[in-house]
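Novice: Numbering-wise, full-length UniProt numbering puts 34 at position 34 of the sequence shown, and it's gapless, one number per residue.
The beta-carbon is built from N, C-alpha and C at its ideal position, and this holds for glycine as well.
Below is a structure I'd like to ask you about.
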Amino acid sequence: MKYLLLVTGDERPWAEAGPQERQDVYAQWGAFTQMLTDRGAHLGGHELAHSSTATTIRKNGDQVLVTDGPYAETVEQISGYVLVEAKDLDEAVELAVAMPSDGVEIRRITT
1 MKYLLLVTGD ERPWAEAGPQ ERQDVYAQWG AFTQMLTDRG AHLGGHELAH
51 SSTATTIRKN GDQVLVTDGP YAETVEQISG YVLVEAKDLD EAVELAVAMP
101 SDGVEIRRIT T
């Protein structure tokens, strides 16, 4: 089964991180991605631009509202995703726990 691991959290620490801190985090993500690749579980993933760069579209019948900013006005935002192959939710949780992220939402791909 395919699972989407959504990286969630407060974007402020990353926005304020210095070059060495960012390099360290990228190294952790590189090791995580290599682990997934070695297990045959890595299907893709990307870091997302800061939520302040988002464009949100809301439809109400024929009316369309296009606004700047994220869908939800919260401190925690989605900052990236990893698509994995896992035999079941337990394995997806195991993979998510290994992520160098404090918050992860796991969603099974249904198609």
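If I follow the unbroken beta strand (DSSP E) through Leu-43, where does it start and stop?
Specialist: From DSSP, the beta strand (DSSP E) with Leu-43 extends over 42–47.
Novice: Which of the three DSSP states is assigned to Thr-79 in this structure?
Specialist: In the sequence as displayed, the identity of residue 79 is Ser instead of Thr. DSSP places Ser-79 in strand when its eight states are reduced to three.
Novice: My assumption, with CB atoms under 8 Å, is that Gly-9 sits in contact with Glu-76. Please give the rounded CB distance.
Specialist: The Cβ separation is near 6 Å, so the contact holds.
Novice: Could you give the DSSP three-state label for Asp-68: helix, strand or coil?
Specialist: Correct three-state label for Asp-68: strand.
Novice: Tell whether a beta-carbon distance below 8 Å holds between Glu-47 and Ser-79.
Specialist: Yes. Within cutoff.
Novice: Nearest-angstrom Cα distance between Arg-107 and Leu-83?
Specialist: So the two alpha carbons sit approximately 10 Å from each other.
Novice: Quick check on DSSP: helix, strand or coil for Glu-11?
Specialist: Coil.
Novice: Cα separation between Tyr-3 and Gln-63?
Specialist: Their Cα atoms are separated by approximately 33 Å.
Novice: From Lys-87 to Ala-96, what does the alpha carbon distance come to, in whole angstroms?
Specialist: Their Cα atoms are separated by approximately 14 Å.
Novice: Does Gly-103 come out as helix, strand or coil in the three-state DSSP assignment?
Specialist: DSSP places Gly-103 in strand when its eight states are reduced to three.
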